[in-house]
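Participant: Taken in sequence, the protein lines are chains A and B.
The working numbering puts the first residue of the first sequence at 1, with every later residue one more than the last.
The working numbering puts the first residue of the second sequence at 207, with every later residue one more than the last.
Each residue gets a CB set at the ideal place from its N, CA and C atoms; glycine is no exception.
Structure provided below as structure tokens; questions to follow.
Number of protein chains: 2
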Amino acid sequence: MAQPIALAGLLKQLARLPGLGPRSAQRVALSLLAAPEKLAELATALQRAQAELGNCNQCGNIAARNAAGPCLCELCTDPRRDGSMLCVVETVADIWALEKGGEFKGRYHVLGGVVSALQGVSPDDLSLGQLEQRLRTAAVPVQEVILALGASLEGQTTSHLVASLVHRAAPQAVLSTLAKGMPVGASVDYLDEGTLGLALLHRQRL
Amino acid sequence: MAQPIALAGLLKQLARLPGLGPRSAQRVALSLLAAPEKLAELATALQRAQAELGNCNQCGNIAARNAAGPCLCELCTDPRRDGSMLCVVETVADIWALEKGGEFKGRYHVLGGVVSALQGVSPDDLSLGQLEQRLRTAAVPVQEVILALGASLEGQTTSHLVASLVHRAAPQAVLSTLAKGMPVGASVDYLDEGTLGLALLHRQRL
């Protein structure tokens, strides 16, 4: 069936979004066309995001752009956060996940991924240079770097890379990594043997 | 965590789309912000859709707007389609589903829903008036009206409404409805007894 060009274009752009396929793109497009005010609001929100958002020059988090000076995110400019603690994560989504818990009160550094031979991500694709410079020039010396990367082979390889970088650039800093073990709510008989082995190895005294 | 207003706005608009929740909205927003050209293309596609698309004045399908005259869709203007066959559907998505098969060569009429007491949809919310006028004033008299509404209680109630309207406005037209029975690829032991009963009742001679 021939479709108006504007419709075909909208369907194409929607189907490219992660988690949406051709069918869900159809559903979204029809719901937007049935409610023109929703369509207009989404278009405005996208334009605003395009105009106003960028990446924090310090940590890589999403931040409101600043015409007057460097772009800094809400976490980097918040004076209540502890600059001596630095949590290294893969993506901005990881910051959001950690902030939901509200346990961590330090600052973050977004690497932008992990080293992966399969996906062609080399150390040069990550913000390792910025991290090194940040550690060397920090106003408050960093006392602890928490490596909060994925528990995958790629995450662990990248953790080693970041660890040696921290040793060089901030020898005073302690390195730590997220505990591995049973997720809250898990039952023992459904855990894989790798997790179970680590949970046994790092068992904690009551 | 405080978020830039433009980010919060984008997340809110995305989470309102059908099939997306807060988490998938996050994922979509981050992927768009990581690829500014994708974000710009989506914003442009939405604006274009907003400016150029409307509903066909005759059948209710999505159509390119026409500054010079009434807005008519590609199916209503296609001279190869048989105007004497009219297929009545609930939504535009139903047209797309039927057109994928390519079996039907007539024209469509989109009701815009089905009568539902629970969801507060009354006959006045459907395009029944337009259908009556269309049947009465058709250049080519309609010879068959196919009711392709859902096999639900609401769909069947609406079918009865449309049927009596067709009797009044186009007494010459034959009424038919989609066959009910086994879907292609189904196995008998997984069919519900309602479908199985209808498939038995309407069994066909080999």
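(1) With 8 Å as the C-beta to C-beta threshold (strictly closer), list the residues of the stretch 210-226 of chain B near chain A in chain order.
(2) I need the DSSP call for LEU205/A, collapsed to helix, strand or coil.
(3) Would you list the one or two residues that DSSP bridges to ILE146/A?
(4) Quick check on ASP284/B - is its C-beta less than 9 Å from some C-beta in chain A?
(5) What does DSSP give as the partner residues of LEU53/A in its beta bridges?
(6) On the DSSP bridge assignment, give the partners of SER116/A in chain order.
(7) Out of GLY275/B, LYS218/B, CYS282/B, point me to the one whose CA is closest to GLN264/B's CA.
(8) Determine, for PRO377/B, whether the minimum Cβ-Cβ distance to residues of chain A falls below 9 Å.
(9) Buried or exposed: HIS160/A, going by 16 or more other Cβ atoms within 10 Å of its Cβ?
(10) Name the residue from ASP284/B, CYS262/B, ALA344/B, ASP288/B whose alpha carbon lies nearest to the alpha carbon of PRO276/B.
(11) Against chain B, which members of the stretch 36-59 of chain A pass a CB distance test of less than 9 Å?
(12) Apart from the five residues on each side of it in sequence, which residues of its chain come closer than 7 Å, Cβ to Cβ, to ARG81/A?
(13) Please report how far the alpha carbon of VAL89/A lies from the alpha carbon of LEU239/B, in whole angstroms.
(14) Give me the DSSP bridge partner(s) of TYR190/A.
(15) DSSP three-state call for ARG313/B: helix, strand or coil?
(16) Counting Cβ pairs, one atom from each stretch, are 3 or more of them under 8 Å apart for the stretch 47-54 of chain A and the stretch 178-185 of chain A?
(17) Locate the alpha helix (DSSP H) running through CYS71/A, then write down its first and last residues.
(18) Is the shortest distance between the beta-carbon of ARG107/A and the beta-carbons of chain B less than 9 Å?
(19) Starting from the C-beta of HIS202/A, find all residues in its chain whose C-beta is less than 8 Å away, skip the five residues before and the five after it, and write them out in chain order.
Facilitator: On the basis of the supplied data:
(1) Hits within the stretch, in order: PRO210, ILE211, ALA212, LEU213, GLY215, LEU216, LYS218, GLN219, LEU220, ARG222, LEU223, PRO224, GLY225, LEU226.
(2) Here residue 205/A is Arg; the residue named in the question, Leu, does not match the sequence. If DSSP states are grouped into helix, strand and coil, ARG205/A belongs with coil.
(3) CYS87/A, SER176/A
(4) yes
(5) ALA64/A
(6) DSSP, once it has assigned bridges, lists VAL121/A as partnering SER116/A.
(7) CYS282/B
(8) no
(9) exposed
(10) Nearest Cα to PRO276/B within the set ASP284/B, CYS262/B, ALA344/B, ASP288/B: CYS262/B.
(11) Per Cβ criterion, the list reads PRO36, LYS38, LEU39, ALA40, GLU41, LEU42, ALA43, THR44, ALA45, LEU46, GLN47, ARG48, ALA49, GLN50, ALA51, GLU52, LEU53, GLY54, ASN55.
(12) LEU75, LYS105, GLY106, ARG107
(13) 17 Å
(14) None; TYR190/A has no bridge partner.
(15) Strand, per DSSP.
(16) no
(17) Careful: CYS71/A lies outside any alpha helix (DSSP H) and carries neither H nor E.
(18) no
(19) ALA179, LYS180, GLY181
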